[in-house]
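Set out below in C-alpha coordinates:
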(Lines of atoms letter the chains of each structure in order from A; the text may use other names.)
(Lines give C-alpha, C1' and ligand atoms only; values in the text may rest on other atoms or scores of the structure.)
Protein backbone atom coordinates (compact mmCIF):
# COMPACT_ATOMS: atom_id res chain seq x y z
CA UNK A 247 0.00 0.00 0.00
CA UNK A 248 1.29 3.43 -0.90
CA UNK A 249 0.47 4.99 2.48
CA UNK A 250 3.09 2.81 4.22
CA UNK A 251 5.87 4.86 2.63
CA UNK A 252 4.42 7.97 4.35
CA UNK A 253 4.59 6.45 7.83
CA UNK A 254 7.54 7.49 9.94
CA UNK A 255 8.40 6.42 13.48
CA UNK A 256 6.06 8.30 15.79
CA UNK A 257 3.39 8.99 13.18
CA UNK A 258 -0.19 8.13 14.01
CA UNK A 259 -2.64 6.75 11.48
CA UNK A 260 -6.14 8.09 12.04
CA UNK A 261 -8.64 5.63 10.57
CA UNK A 262 -12.16 6.98 11.12
CA UNK A 263 -13.99 3.85 9.97
CA UNK A 264 -17.27 3.69 8.10
CA UNK A 265 -19.55 4.99 10.84
CA UNK A 266 -17.51 8.13 11.39
CA UNK A 267 -16.66 8.56 7.73
CA UNK A 268 -20.15 8.24 6.28
CA UNK A 269 -22.74 8.52 9.08
CA UNK A 270 -21.31 10.82 11.76
CA UNK A 271 -19.15 13.07 9.60
CA UNK A 272 -18.95 15.77 12.27
CA UNK A 273 -17.08 13.32 14.51
CA UNK A 274 -14.28 12.96 11.97
CA UNK A 275 -13.75 16.72 11.88
CA UNK A 276 -13.88 16.96 15.68
CA UNK A 277 -11.34 14.14 16.10
CA UNK A 278 -9.01 15.85 13.62
CA UNK A 279 -9.33 19.14 15.52
CA UNK A 280 -8.54 17.40 18.81
CA UNK A 281 -5.50 15.60 17.37
CA UNK A 282 -4.19 18.88 15.93
CA UNK A 283 -4.87 20.77 19.17
CA UNK A 284 -2.86 18.31 21.28
CA UNK A 285 -0.03 18.18 18.75
CA UNK A 286 -0.47 14.65 17.42
CA UNK A 287 1.17 14.22 14.01
CA UNK A 288 -1.32 12.04 12.12
CA UNK A 289 -2.01 10.89 8.61
CA UNK A 290 -5.18 9.55 6.99
CA UNK A 291 -5.56 7.05 4.16
CA UNK A 292 -8.01 9.28 2.24
CA UNK A 293 -8.79 7.50 -1.07
CA UNK A 294 -7.17 4.27 0.17
CA UNK A 295 -9.66 3.87 3.03
CA UNK A 296 -12.00 0.94 2.81
CA UNK A 297 -14.85 -0.50 4.83
CA UNK A 298 -13.58 -3.19 7.20
CA UNK A 299 -17.04 -4.80 7.30
CA UNK A 300 -17.32 -4.53 11.08
CA UNK A 301 -20.94 -3.66 11.96
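Residue numbers (my numbering): 247 to 301.
Here a beta-carbon is modelled for each residue, glycine too, at the ideal position from N, C-alpha and C.
This one's a predicted model, so the numbers in the text were calculated from it and none came from an experiment.
- prompt: Relative to the C-alpha of residue 278, which residue among 294, 298, 261 is closest?
  reply: Answer by Cα proximity: 261.
- request: Can you give me the start and stop residues for the alpha helix (DSSP H) that residue 273 sits inside?
  value: 271-283
query: Are the CB atoms of residue 286 and residue 258 nearer to each other than 8 Å?
result: yes
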